[in-house]
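**Student:**
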Amino acid sequence: MLARPAFFRRVEKQATFMAITKTDIIARLKMDILPLGGLRAIPAGIVSDPGLGPLNEAFPQGHFPLGAMHEFLSNGQESRVATAGFISGLVSGLMKNGGAALWIGTSRTVFPPALKMFGIEPERIIFIDLQKEKDVLWAMEEALKCNGLAAVIGEMPELSFTISRRFQLAVEKSRVTGFILRSNPRNLNTNACVSRWKINPIPTFSDDELPGLGFARWNVELVKIRNGKPGSWQIEWADQRFNHITEWIQSIIPEPKRKTG
Amino acid sequence: MAKRFVTIWFRQLKTDWFSIRQPALRKQPFVLSAPDHGRLVITAVNELARAQGVEAGMVVADARAIIPSLEVLDDPPGLSEKLLKAIAEWCIRYTNIVAVDLPEGIIMDVTGCAHLWGGEMKYIKDINVRLRNRGYDLRATIADTIGAAWAIAHYGGISPIVEYGKQMETLLSLPPAALRLEFNVVDRLHKLGLHQVRNFIGMPRSALRRRFGKDLLLKLDQALGHEEEPITCIQPIEPFRERLPCLEPIVTATGIEIALERLLDMICQRMQKEGMGIRKALFTGFRVDGKFEKIAIGTHRATNNARHLYKLFEDKISTIEPGLGIELFMIDALKSEKCSIQQERLWETTHGLEDPGLSELMDRMANRFGYSPIRRFLPAEHYLPEKSFKLSESLNETTSAPWMIDRPRPLHLLSIPQRIEVTAPIPDYPPMNFRYLGKMHKIKKADGPERIEQEWWIQDGPHRDYYAVEDEKGGRYWLFRSGHYREDKTPNWFIHGFFA
């Protein structure tokens, strides 16, 4: 009788362990797949967590994807500025170790001193104010290739698949984190960005007895995230960090009020 | 081979220079003066003034007593160094070893040069004629040693040439000052009745050293040629420029690229050795038909990285029109600066504004779009929001003023505030609603007013009362009322920004 080939013997041996290690193997394989999708594990030591709290569960690897492209959609001036605020909060986390960032666009209205309120040193941001959309694309791609930058923020209404692919390939090499702000986009096509967000302002919290505005508060909607779980959260920017808001906490513990004249 | 030296003595270097610049001074006695211990002391005198008895070292007031019409001019400090250096650079035509001999001379090592002018007499004559034509009064002499040449320039007879090996004979009849000795040594020699070099040259060396110091023996030996005399010759500044002639005229873009690459390699190699970097560079192609094709680039930080410079030029290569062909390429560093050597490997992870990669990126952007779209902001000490920041000049500029963030400021600011229609209770309540771009916003919450006055020392105008308001949907705005409510007219309301 012929001896059974070694291959079959190995399979049988593995099958006995299968029950125990199946979940481990799947977890490992999932981790192997991530780099193929443009998400790279972040080496320990240079992690700068933007402090998104519960949102981290939505991301693959439980961490805001760095070295990737993120797309933000906004409709109208209010949501555009809310998006800029949310991005500023994220970028401030990335710039903590003294990095610099580029803000590229055609119609800049960002008021530099206000960036300080979002934890960014305004002088560490270089604004590139261009005339043509085409130039923005060129500048954006060049900037994304520069690994000395912490983040690159580009404002452009349209983003084709090809362009987004070029950006994504550039950041995979340089590990710069790119943010694309699309205000009033006409064409919501698929693209190579790892995530798509929608940020809208929501009324700030304040006691009924006290007039005045509370801390900036947004409804953060993660529409798409590669290998993650989309969701929707309410986030507040207070004391230079993100606060996650759950309704019942809001009703029990009153927030500290900002004193304004 | 015996060495030969030329010394040039400018008798009135500074006053000659003034006369050249202002020909009217030639016919007038004038002096240069500099303040010294609260007095004006004469530092240089022209020929006409000297003839009437005015000398350097006199006080200006005394000189005015001798010549009432004396013209007195300021003596700019460092003038002789500057002039001598310029003349020395010009003198490189005669020999390539030229040194400045302060305060009023030039030394040249002319060994093996004079015969090119047809002999030493013609050589000296050429120097004399050319410099005299410029307006300088000078005496040029030639001898085996610097000391001997200097001695006959200042104290010698008519002949400006000391024959080979004849310095001893020439020196014998000259006064001790001709040996370039210090004043007190010369004085002592005269007191002892040693009025000529011949009086003491035969004395035992030990006696001379004991009485007059080592310096006398050294100067004597140098003048006679027993001792070498070192000179510091001037280094002509060589411009950063490289040329690349071509055997055949170049017409293709690839050819131009290769030429550019090679030239950049050449110039960068030289700059790396000297620790310099390019701030502005010009690449010129000389066409067969006599026309030039030029492309120029600028950088944010001095660099001698050939690859980076090539990238900057690369975009502009397409603008070159080779015509019938380019036969000579040239690169010029129009502006160069000291450049620190980057420790590329070790510090490659540096982040922030100092990152060399970032400045290279800025160069590429500036090369494509110009400098104006690249903006970096620094705080400015103004209360009006649109003036509270200013453009930074460079990537490294910092300021001591802090960013003012004690008050809420909107993340988006309209460059020009826009008129809105409001319903607001008087006197100073926030509005109840406002209409902006045809849309009604009902105000739910409001903060304010925050009054910002005009800076009267800059401009006039009404003050502004700012309110931060929030509408029913959560949009947050920055509104202001311009001026007070008055009986005859209601103030205007504006929207100025959007809060995140």
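Protein chains in written order, with my numbering: chain A, 1 to 261; chain C, 1 to 500.
Where is the CB? At the ideal position from N, CA and C, for every residue including glycine.
Only a predicted model underlies this, so the values are computations on that prediction, with no experimental measurement involved.
1. Could you tell me whether the Cβ of Ser-88 (chain A) comes closer than 9 Å to any Cβ of chain C?
2. Specify, as a first and last residue, the run of the alpha helix (DSSP H) that His-441 (chain C) falls within.
3. What residue range does the alpha helix (DSSP H) around Ser-359 (chain C) cover?
4. Is the shortest distance between the beta-carbon of Lys-116 (chain A) and the beta-carbons of chain C less than 9 Å?
5. Is Ala-279 (chain A) near Ile-326 (chain C), with beta carbons less than 9 Å apart?
6. Against chain A, does Phe-434 (chain C) count as a neighbour if the rule is that its beta carbon must be under 9 Å from one of theirs?
7. Contact between the stretch 63-79 of chain A and the stretch 172-188 of chain A is defined here as three or more beta-carbon pairs at a separation below 8 Å; is this criterion met?
8. Does any residue of chain C bring its CB to less than 9 Å from the CB of Pro-254 (chain A)?
9. Using the C-alpha atoms, what's the distance from Ile-125 (chain A) back to Ser-394 (chain C)?
10. Are the stretch 81-93 of chain C and the stretch 219-237 of chain C touching by the rule of at least three beta carbon pairs closer than 8 Å?
11. From the DSSP output, read off the bridge partner residues of Pro-201 (chain A).
12. Quick check on Glu-421 (chain C): does DSSP put it in helix, strand or coil?
13. Less than 7 Å between C-beta atoms, sequence neighbours within five positions excluded: which residues of the same chain meet that for Arg-375 (chain C)?
14. So Leu-265 (chain A) and Ala-468 (chain C) are in contact, right, with Cβ under 8 Å, and what is the actual spacing, rounded?
15. In the DSSP assignment, find the beta strand (DSSP E) that holds Gly-277 (chain C) and state where it starts and stops.
16. I'd like the list of long-range same chain contacts for Pro-77 (chain C), defined as Cβ closer than 8 Å, with 5 residues on each side in sequence excluded.
17. Glu-123 (chain A) touches chain C at which residues, Cβ-Cβ below 9 Å?
18. Please compile the residues from chain C whose C-beta is within a distance smaller than 8 Å of the C-beta of Pro-201 (chain A).
19. Using only the alpha-carbon positions, how far apart do Arg-368 (chain C) and Ala-139 (chain A) sit?
20. Using a Cβ-Cβ cut-off of less than 8 Å, give me the residues of the stretch 58-88 of chain A that come near chain C, in sequence order.
21. Given a cut-off of 9 Å, decide if His-244 (chain A) and Gly-67 (chain A) are closer than it, judged by their beta-carbon atoms.
22. Can you list the alpha helix (DSSP H) stretches of 4 or more residues lying completely in the stretch 139-179 of chain C, in chain order?
23. What residue range is occupied by the uninterrupted alpha helix (DSSP H) comprising Asp-135 (chain A)?
24. Which first and last residues belong to the beta strand (DSSP E) in which Ser-164 (chain A) is found?
25. Please confirm if Ile-225 (chain A) has its CB atom under 9 Å from at least one CB of chain C.
26. I'd like to know if Met-440 (chain C) contacts chain A, where contact means its C-beta is closer than 9 Å to some C-beta of that chain.
27. Answer with buried or exposed for Arg-345 (chain C), where buried requires no fewer than 16 other C-beta atoms within 10 angstroms of its C-beta.
28. For the stretch 214-231 of chain C, enumerate the residues whose C-beta is nearer than 7 Å to any C-beta of chain A, in chain order.
29. Check whether the Cβ of Asp-36 (chain C) lies closer than 9 Å to any Cβ atom in chain A.
30. Given that Thr-204 (chain A) touches chain C, what residues does it touch there, using C-beta distances under 9 Å?
31. Our contact map puts Gln-196 (chain C) next to Leu-218 (chain C) with C-beta atoms below 8 Å; I'd like the distance itself, whole angstroms only.
32. Using only CA atoms, which one of A:Pro-112, A:Phe-215, A:Asp-24 and A:Lys-229 lies nearest to His-63 (chain A)?
33. Please classify Ala-114 (chain C): does DSSP put it in a helix, a strand, or coil?
34. Quick one: is Lys-279 (chain C) near chain A, going by C-beta distance under 9 Å?
35. Taking only the alpha-carbon atoms, compute the straight-line gap between Trp-197 (chain A) and Ser-79 (chain A) and give it to the nearest angstrom.
36. On a CA-only basis, which of C:Ala-51, C:Asp-74, C:Met-203 and C:Leu-48 is nearest Val-60 (chain C)? Give me that one, please.
**Tutor:** Reading from the atomic positions:
1. Stepping through the first sequence from its first residue, residue 88 (chain A) is reached at position 88. Closer than 9 Å: yes.
2. On the second sequence, position 441 is the one that residue 441 (chain C) refers to. Taken as a continuous stretch (DSSP letters only), His-441 (chain C) belongs to no alpha helix (DSSP H), being part of the beta strand (DSSP E) at 439-452.
3. As a first step, residue 359 (chain C) must be located in the second sequence, where it is residue number 359. Element bounds for Ser-359 (chain C): 356-369.
4. To locate residue 116 (chain A), count along the first sequence from 1; it is residue 116. So yes, Lys-116 (chain A) belongs to the interface.
5. Nothing can be reported for residue 279 (chain A): it is not among the residues displayed for chain A, which extend from 1 to 261.
6. Translated into the one-based positions of the second sequence, residue 434 (chain C) becomes position 434. With 9 Å as the cut-off, Phe-434 (chain C) does not count as an interface residue toward chain A.
7. yes
8. As a first step, residue 254 (chain A) is located in the first sequence; it is residue number 254 there, counting from the start. Here the model assigns Pro-254 (chain A) a pLDDT of 46, short of 50, so the residue's position is not dependable and the matter cannot be decided.
9. Looking up residue 394 (chain C) in the second sequence gives position 394. Looking up residue 125 (chain A) in the first sequence gives position 125. Cα to Cα, the separation comes out at about 13 Å.
10. yes
11. The sequence position of residue 201 (chain A) within the first sequence is 201, counting from 1. A:Trp-218.
12. Here residue 421 (chain C) is taken as the residue at index 421 of the second sequence, counted from 1. Residue state, collapsed to three classes: strand.
13. Position 375 of the second sequence, counting from 1, holds the residue named residue 375 (chain C). Cβ within range, chain order: Leu-391.
14. Look at the range of chain A in this structure, 1 to 261, and you will see that residue 265 (chain A) is not part of it.
15. Translated into positions along the second sequence, residue 277 (chain C) becomes position 277. From DSSP, the beta strand (DSSP E) with Gly-277 (chain C) extends over 276-287.
16. By one-based count along the second sequence, residue 77 (chain C) stands at place 77. Excluding residues within five positions, the ones whose Cβ falls inside 8 Å are Ala-34.
17. Stepping through the first sequence from its first residue, residue 123 (chain A) is reached at position 123. Near Glu-123 (chain A) (Cβ distances below 9 Å), the residues of chain C are Leu-353, Arg-376, Phe-377, Leu-378, Pro-379, Ser-392, Glu-397, Thr-398, Thr-399 and Trp-403.
18. Taking the first sequence and counting its residues from 1, one reaches residue 201 (chain A) at position 201. Per Cβ cutoff of 8 Å: Lys-473, Gly-474, Gly-475, Arg-476 and Ala-500.
19. Your numbering for residue 368 (chain C) matches position 368 in the second sequence. Your numbering for residue 139 (chain A) matches position 139 in the first sequence. Distance between the alpha carbons of Arg-368 (chain C) and Ala-139 (chain A) is about 9 Å.
20. Gln-77, Glu-78, Arg-80, Val-81, Ala-82, Ala-84, Gly-85, Phe-86 and Ser-88
21. Position 67 of the first sequence, counted from the first residue, corresponds to residue 67 (chain A). Position 244 of the first sequence, counted from the first residue, corresponds to residue 244 (chain A). Not closer than 9 Å, so no.
22. Listed in chain order, they are 146-155 and 167-172.
23. The residue labelled residue 135 (chain A) in the question sits at position 135 within the first sequence. From DSSP, the alpha helix (DSSP H) with Asp-135 (chain A) extends over 133-144.
24. Within the first sequence, residue 164 (chain A) is the residue found at index 164, counting from 1. That residue, Ser-164 (chain A), is in no beta strand (DSSP E); its alpha helix (DSSP H) goes 161-174.
25. For the purposes of this step, residue 225 (chain A) is taken as the residue at position 225 of the first sequence. Taking Cβ atoms only, chain C never reaches closer than 9 Å to Ile-225 (chain A), which makes this a no.
26. Start at 1 with the first residue of the second sequence, and residue 440 (chain C) comes out as number 440. Output row for Met-440 (chain C): interface = no.
27. Residue numbering aside, residue 345 (chain C) sits at position 345 when the second sequence is read from its first letter. Annotation note: pLDDT 41 at Arg-345 (chain C) (below 50); position unreliable, no value reported.
28. none
29. Start at 1 with the first residue of the second sequence, and residue 36 (chain C) comes out as number 36. No, because no Cβ of chain A sits closer than 9 Å to the Cβ of Asp-36 (chain C).
30. In the first sequence, residue 204 (chain A) corresponds to position 204, counting from 1. Those within 9 Å of Thr-204 (chain A) in chain C are Lys-445, Glu-470, Gly-474 and Arg-476.
31. Along the second sequence, one-based indexing puts residue 196 (chain C) at 196. Along the second sequence, one-based indexing puts residue 218 (chain C) at 218. About 20 Å separates the CB atoms of Gln-196 (chain C) and Leu-218 (chain C); that is not less than 8 Å, and the two are not in contact.
32. Here residue 63 (chain A) refers to the residue found at position 63 when the first sequence is read from its first residue. When each option's Cα is compared against that of His-63 (chain A), the closest is A:Lys-229.
33. Your numbering for residue 114 (chain C) matches position 114 in the second sequence. In this structure, Ala-114 (chain C) counts as helix in the three-state DSSP scheme.
34. If you number the second sequence from 1, residue 279 (chain C) lands on position 279. This sequence places Arg at residue 279 (chain C); Lys is not what is there. False, the Cβ-Cβ gap to chain A never drops below 9 Å.
35. Looking up residue 197 (chain A) in the first sequence gives position 197. Looking up residue 79 (chain A) in the first sequence gives position 79. Rounded to the nearest angstrom, the two C-alpha atoms are 11 Å apart.
36. On the second sequence, position 60 is the one that residue 60 (chain C) refers to. It is C:Asp-74.
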